[in-house]
Amino acid sequence: MDLSIDRADQGDHTVVSLGGEIDVYTAPFVRERLDEAVHAGRINLVVDLTGVRFLDSTGLGVLVGRLKLTRSLGGSLRLVGTDDRVLKVFSITGLDKVFEMHETLEEALAAADAADTADADGARAAAAPVQSSDSGA
32 MDLSIDRADQ GDHTVVSLGG EIDVYTAPFV RERLDEAVHA GRINLVVDLT
82 GVRFLDSTGL GVLVGRLKLT RSLGGSLRLV GTDDRVLKVF SITGLDKVFE
132 MHETLEEALA AADAADTADA DGARAAAAPV QSSDSGA
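Position one of the sequence shown corresponds to residue 32 (our numbering), numbered consecutively onward.
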C-alpha cells in the first residue's frame, strides 16, 4: 500500500497530510482517519494533498463525503495541493469550484483563521442589541 497519513491539531483545525496514492484500495483508510477526527469533534479539517501523486474517483468520493459531513456539523474542509495531475482531477470534475483549494498549508490555515474571525464577528453583530432610531416624532 502506497499511502501515508499524518494528523496534527493546530488550534481549532486539524491538518491531515496525505501522501502516495489515493485509490480504491487506500481510500477507505483516508475515510477512516478523517472520520476519526470528525468523531473526536475536530470538524474543521485541512487536507494536505501535496504529497499525493495519484487520486482516483474513489478518493474524490471520500473527500466529497467528508466535505458534506463537516459542513453539516458547522465545520469546514479545505484542501492544499500543488501537483498538476491531482489538481487536474478536481478541474475536470468541476470540484475545484466546490472545494476551497490552497497552494500552501499556511495559506489554508490563514484562510481558515480569517473565516473563523468573520464568523465570530458576525455572531457578535447578530447578538448585539439593536439601537432604536426613534426621533420621538
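No residue lacks a Cβ here, since even glycine has one placed at the ideal position from N, Cα and C.
Can you check DSSP and say which residues form a bridge with ARG98?
-> For the sequence presented, residue 98 should be read as Leu rather than Arg. The partner list for LEU98 (beta bridge, DSSP) is empty, contrary to what the question assumes.
In terms of alpha-carbon separation, which member of ALA145, ILE53 and ILE123 lies closest to GLY90?
-> ILE53
Under a Cβ-count criterion, where at least 16 other Cβ atoms within 10 Å of its own Cβ denotes burial, should LEU104 be classed as buried or exposed?
-> exposed
Quick one: using the 10 Å Cβ neighbour count with 16 as the cut-off for buried, is ASP79 buried or exposed?
-> By the 10 Å Cβ count, ASP79 comes out buried.
Starting from the C-beta of PHE60, find all residues in its chain whose C-beta is less than 7 Å away, skip the five residues before and the five after it, and write them out in chain order.
-> LEU34 and ILE36
Among ILE74, ASP87, VAL77 and GLU138, the one whose alpha carbon lies nearest that of ILE123 | ASP87
Is there at least one Cβ from chain D nearer than 9 Å to ARG64's Cβ?
-> Among the protein chains of the structure shown there is no chain D, as only one such chain exists.
What's the C-alpha gap between GLY112 and LEU140?
-> 13 Å
Whole runs of the alpha helix (DSSP H) within the region 76–149, excluding any shorter than 4 residues | Taking 4 residues as the shortest admissible run, the region 76–149 contains the following complete alpha helix (DSSP H) segments, listed from N- to C-terminal end: 88–103 and 115–124.
Measure the CB-CB distance between THR81 and LEU136 and report whether it falls below 9 Å.
-> yes
Where does the unbroken beta strand (DSSP E) through VAL46 begin, and where does it stop?
-> 44–53
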